[in-house]
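The sequence shown runs contiguously to residue 473 in the working numbering.
All remarks here apply to the structure that follows.
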Amino acid sequence: MISDYRNVLEYWRASSRKDFIVATDLAKLGHYAHALFFCHLALEKLLKALYVARQHEHAPYVHDLVILARKSDIGLSDLQIDSLQTITTFNIQGRYADEKSEFYGKYNKKNVASKYLAVTKDILLWLEKRSKKETPLLSS
């Protein structure tokens, strides 16, 4: 049980929002691969906020979005799961040198970034909407 539950929850939530703003700003500047990395961070942090809200314990040290969603007991559609699986790769491929050249070649494009920014925004909004029904702390 977390003693500073509200602070931990708000940290994850606020950090998620900031990271999505950074993702959007990076895409506007043409830094598409970096924008996708921040899309992953925004989703990871909101999923961790939901985990804290539901489990009343610190979020696991996991970066896999599907695992976080399952641990948070969030009912996702197959399409959302597929999207989270793809977006999880942005964390790995955007971080490690071995993966970066292929990642930049495949994802450092405006149309790809636009697609995944929209997907990320849709999932973030869906998670926020769903959480408002279950967890008032996430609704403000």
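Think of the CB as a built atom: it goes at the ideal place given N, C-alpha and C, for glycine as much as any other residue.
Counting only the same chain and skipping the five closest in sequence on each side, list residues whose C-beta sits under 6 Å from that of residue i.
i, result
"Phe423", "Leu369, Phe370 and His373"
Could you tell me the boundaries of the alpha helix (DSSP H) in which residue i lies?
i, result
"Ala382", "Tyr365 to Gln388"
"Ile407", "Element bounds for Ile407: n/a, residue is neither H nor E."
So what does DSSP say about residue i, is it helix, strand or coil?
i, result
"Leu438", "Correcting the residue identity first, residue 438 is Gly in this sequence and not Leu. DSSP places Gly438 in helix when its eight states are reduced to three."
"Ile354", "helix"
"Leu362", "coil"
"Val399", "helix"
"Ala392", "coil"
"Ser348", "helix"
"Asp455", "helix"
"Asp415", "helix"
Going by C-alpha to C-alpha distance, which of the options sits closest to residue i?
i, options, result
"Lys443", "Ala451, Ile420, Leu409 and Tyr365", "Tyr365"
"Ile407", "Ala347, Arg339, Lys361 and Arg463", "Arg463"
Starting from the C-beta of residue i, find all residues in its chain whose C-beta is less than 8 Å away, skip the five residues before and the five after it, and write them out in chain order.
i, result
"Tyr338", "Val385 and His389"
"Lys439", "Val445"
"Leu379", "Trp345, Arg346, Ser349, Leu457, Leu460 and Glu461"
Is residue i close to chain D? Criterion is C-beta to C-beta, closer than 8 Å.
i, result
"Ser410", "Absence of chain D from the displayed structure is noted, only one protein chain being present."
Contact the region 434-453 vs the region 344-358: 3+ CB pairs below 8 Å: yes
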